[in-house]
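Enquirer: Residue numbers (UniProt numbering): 1 to 65. Encoded as structure tokens, here's the structure I'll be asking about.
The following block contains the structure:
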């Protein structure tokens with residue numbers, strides 16, 4: 001029986017999200033404040049949706065062309 005790879009996360013912590021797109025925490029919080037990146041509150045914890053990170057990169061790629 002073959003094992004399946006673990007699924008990609010749906011949301012990540014702020015530090016991980018910043019690392020994923022190569023920015024600092026301050027810049028990520030700016031992106032959150034402007035609505036460019038989506039967050040989810042889980043209790044007191046703030047998580048960033050990975051879909052919004054992918055969307056941000058796609059939008060920036062199109063804008064750079």
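Where a beta carbon is used, it is the ideal one built from N, C-alpha and C, also for glycine. These numbers were taken from a predicted model, which means no experiment stands behind them.
Over the uninterrupted beta strand (DSSP E) stretch that includes residue 28, give me the two end residues.
Expert: Residue numbering aside, residue 28 sits at position 28 when the chain shown is read from its first letter. Where residue 28 is concerned, there is no enclosing beta strand (DSSP E), although the alpha helix (DSSP H) it sits in stretches over 25-33.
Enquirer: Is it true that the CB of residue 57 sits closer than 8 Å to the CB of residue 10?
Expert: The residue given as residue 10 occupies position 10 in the chain shown. The residue given as residue 57 occupies position 57 in the chain shown. No. Outside cutoff.
Enquirer: Contact check, residue 38 vs residue 49 under 8 Å by CB: the rounded distance?
Expert: Position 38 of the chain shown, counted from the start, is the residue given in the question as residue 38. Position 49 of the chain shown, counted from the start, is the residue given in the question as residue 49. Right, their Cβ atoms sit about 5 Å apart.
Enquirer: Quick one: is residue 18 buried, meaning 16 or more other Cβ sit within 10 Å of its Cβ, or exposed?
Expert: Reading the chain shown from its first residue, position 18 is the one you call residue 18. Label assigned to residue 18: buried.
Enquirer: Going by DSSP in three states, residue 10 sits in which element: helix, strand or coil?
Expert: On the chain shown, position 10 is the one that residue 10 refers to. Residue 10: coil per DSSP, three-state reduction.
Enquirer: Here's the rule I'm using: 16 or more other beta-carbon atoms within 10 Å means buried, otherwise exposed. How should residue 3 be labelled?
Expert: As a working note, residue 3 is residue 3 in the chain shown. Residue 3 comes out exposed.
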